[in-house]
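Engineer:
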Amino acid sequence: MKRLYVLALALFICSTRLLAQNNDLLLARQYAANGEQQKALDLYQKLFKQDGETYFQQYFNVLLTFKKYDDAEAIAKKMLRKYPGNNEFIIALGTVYTQQGNTAKAEALYNDLIKNLPADQNAIAGIASQFYQSANADYAIKIFLQGRKLIHNESAFAFELISLYRYKRDKEELTEEYLNFLPTNPAFISQAESTLASVYEGPEDYDMLKMALLKRIQKDPQQLIYANLLTWQYLQQKDYDMALNQALALSRRQNDDGSAIFDICRTLVASEAYDAAIRGYEYIISKGGKDNSNYIPAKVELINTKNLKVTSGKYVQVDLLSLEKDYISLLDEVGRNRSTVFAMEKLANLQAFKLHKLKEAQALLESAIALPGVRPALVAACKLDLGDVYLLNNQPWDATLLYSQVEKDNPNTNIAQEALLRNAKMAYYTGDFNWARRQLDILKAATTQLIANDALNLSLLISDNLHADSTGSALKIYSRADLLIFAEQPEKAVITLDSIDKKYPGNALEADILMAKARILIQQKDFTNAVVVLKTITEKHSTDLWADDAVYMLGDIYETKLNDANLAKTYYQKIITDYPASLWINDARKRFRLLRGDKNDAS
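According to mature numbering (1 follows the signal peptide of the UniProt record, and there is no 0), the sequence shown holds residues -20 to -1, 1 to 583 in order.
Quick look at the structure:
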């Protein structure tokens, strides 16, 4: 019984002491945070005297914070006398010397530690970690490198060294470490590419990588990981032809099915390197013929890429007819089935909007929708396109039925919102403004920003002009012009727009007409004149509905079409400063920061 009493008493005293120490520690931290230096130091000193091992690091850190270097040196030496050779206290003493400016004494301590490093992987990692925690990445690296020699393993500590080189932004050593690491760990190539991209700052860094890779390829031509990384390097440098050449050489060497080339071609298309992508798809088509599983997809993507190349620049009728012929030849060769529906959709859009062959486009889309086994999302896309064709063919009731069907079949999805927007636009094009406005008001809260923006602008356009003219007479002509722009009939659209002022002088549509003309010029790839019109909107109608859109469009044109990054930044900055409530604000901020050179744009 007496023993139990003594044990209980001891436990009580222990727990009471621990509670008191915890309270003192919290209070000491509070004093330090408030800048009450002496009170904090007194409490930390008290705790250190009670339990030196537990409270050394915290007391030591606060002494350094308050520049009490003599006291910090004294307690580090005290602990070293008590625990000779303890790495934690050796590093702490070296840290004091470094902060005092006595780097020679610190380096002597550290070098002695390295000299006596044990040939034990865990112990080496522990010592390096202590250096890193003391904000001494350089000596953490030295420990790992010496550790490699001691344990006779040049691949040891690769992850740790990669992290340290990245932390120090030591590009050359990071590059070399990855190039040593990847041959035996090829699954980490994506991580390597992401890390290098986050650290590299310009062409010089990528050139350094290229030279390092070429040396290694010359030394070890069978190592494929270097060839793959070289392809990536060329892509980062926007040297698309060289990227494709490198990938093609590798594909020929491996005698593969061209899947890697297919992936690169997608990247090339996304980068608008259409000629290189076309060359890549042609290579896949020639490789193994129809027996190659990539043959049909490559044929389809080849024509789609040609389509993008033609329609992204200025083109003539013969270009469009050649494209149409390519699509028809493809469908004749491989058939009209669920695997080629997306090619059928592309051809239908070409026929409807570029060649104005509405009858052929309608028949093609109707047959695509009727095919069995087509993905629901693709069926919905074809139905929306067919609705557009009905609208262009003066069949608004058929159009609205299809739009409504897509909305009903795909509840709570982006495609349902797109269907609702097209239905609202159909009502607007045909002069049913009040019904259109009711649908648009629902879409103002759409999850897709572009849909929400379109809905808001169109709703405000209708409201503003009906307020100025309740009959909406001028607006009806404007909406017909809008439909002609949608149908890609620019000449008729301009004639219709010009008729508004003649018929209804003094109408409220001046800025709207300017924006419509700017859209026509952009459609015609006449970016220089589009800039003139958009600038007129920003100068003469700076508080109008279209003002922020015009500013953002100017930024986009200067960035992506006229290659003037400085002017693009100016207009993105104008959105940020002059139009903070704009729906373009987040995009403008992101693009401004990217053009400014921010490496990580999180907002």
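Glycine residues also receive a C-beta, built at the ideal position from the N, C-alpha and C atoms.
(1) My assumption, with CB atoms under 8 Å, is that L477 sits in contact with K497. Please give the rounded CB distance.
(2) Measure from the alpha carbon of D492 to the alpha carbon of each residue in I442, Y532, V511, then state which is nearest.
(3) Going residue by residue through the region 185 to 269, where are the continuous alpha helix (DSSP H) segments of at least 4 residues, counting only ones entirely within it?
(4) Under a Cβ-count criterion, where at least 16 other Cβ atoms within 10 Å of its own Cβ denotes burial, should N208 be classed as buried or exposed?
(5) With DSSP collapsed to three states, give me the class of T523.
(6) Buried or exposed for N390, please, with buried defined as at least 16 other CB atoms from any protein chain shown within 10 angstroms of its CB.
(7) Let me check understanding here. Comparing Cα to Cα, which of P183, N433, E140 lies closest to W564?
(8) Are the region 446 to 464 and the region 402 to 409 touching by the rule of at least three beta carbon pairs closer than 8 Å?
(9) Alpha carbon to alpha carbon, how far is G315 from L430?
(10) Between V179 and L159, is the Cβ-Cβ spacing less than 8 Å?
(11) On the three-pair Cβ rule with 8 Å, is the region 526 to 544 touching the region 446 to 457?
(12) Do A52 and Q101 come within 8 Å of each other at the CB atom, strictly closer than that value?
(13) For Q429, does the three-state DSSP call read helix, strand or coil?
(14) Which residue from K58, L6, K48, K47 puts its Cα closest to that of K29?
(15) Between E156 and F333, is the Cβ-Cβ spacing less than 8 Å?
(16) Within the chosen definition, does the region 261 to 269 reach the region 291 to 306 through at least 3 CB pairs nearer than 8 Å?
(17) Give me the Cβ distance between L60 and L73, rounded to the nearest whole Å; I'm assuming they're in contact under 8 Å.
(18) Please list the terminal residues of the continuous alpha helix (DSSP H) segment that includes L489.
(19) For M533, collect the residues of the same chain with a Cβ closer than 6 Å to its Cβ; drop the 5 residues on either side in sequence, then sort them by chain order.
(20) Please confirm if the region 373 to 392 is in contact with the region 413 to 426, defined as three or more CB-CB distances below 8 Å between the two stretches.
(21) Please report the straight-line C-alpha distance between G452 and N445, rounded to a whole angstrom.
(22) Cα-Cα, which of L310, R232, G260, L301 is closest to K270?
(23) Identify, in the order they occur along the chain, each residue of the same chain with its Cβ nearer than 7 Å to the Cβ of D365, setting aside the five sequence neighbours on each side.
(24) Quick check on M495: buried or exposed, where buried means 16 or more other Cβ atoms within 10 Å of its Cβ?
(25) My output table needs one value for N403: the three-state DSSP class, helix, strand or coil.
(26) Taking the alpha helix (DSSP H) that Y275 belongs to, which residues open and close that run?
(27) Taking the alpha helix (DSSP H) that N160 belongs to, which residues open and close that run?
(28) Under the rule that 16 or more other beta-carbon atoms within 10 Å means buried, what is I308, buried or exposed?
(29) By DSSP, does L574 sit in helix, in strand, or in coil?
(30) Taking 7 Å as the cut-off, is the beta-carbon of V511 closer than that to any non-hydrogen atom of the ligand PLP?
(31) Mind checking which residues open and close the alpha helix (DSSP H) that includes F111?
(32) Just checking my contact of I123 with A108 at CB under 8 Å: how many whole Å lie between their CB atoms?
(33) Do C245 and E304 come within 8 Å of each other at the CB atom, strictly closer than that value?
(34) Suppose the cutoff is 7 Å on Cβ atoms and the five residues either side in sequence are ignored; what does the same chain contact list for S114 look like?
Structural biologist: In brief:
(1) 6 Å
(2) I442
(3) 204 to 216, 220 to 234, 239 to 250, 254 to 266
(4) buried
(5) coil
(6) buried
(7) N433
(8) yes
(9) 36 Å
(10) no
(11) no
(12) no
(13) helix
(14) K58
(15) no
(16) no
(17) 7 Å
(18) First-last for L489: undefined, no H or E at that position.
(19) L514
(20) no
(21) 7 Å
(22) L310
(23) E325, A328, N329, L345
(24) buried
(25) helix
(26) 275 to 292
(27) 151 to 161
(28) exposed
(29) helix
(30) By its list of ligands, the structure shown contains no ligand whatsoever, and the ligand PLP lies outside what it can speak to.
(31) 101 to 113
(32) 4 Å
(33) no
(34) I71, T75
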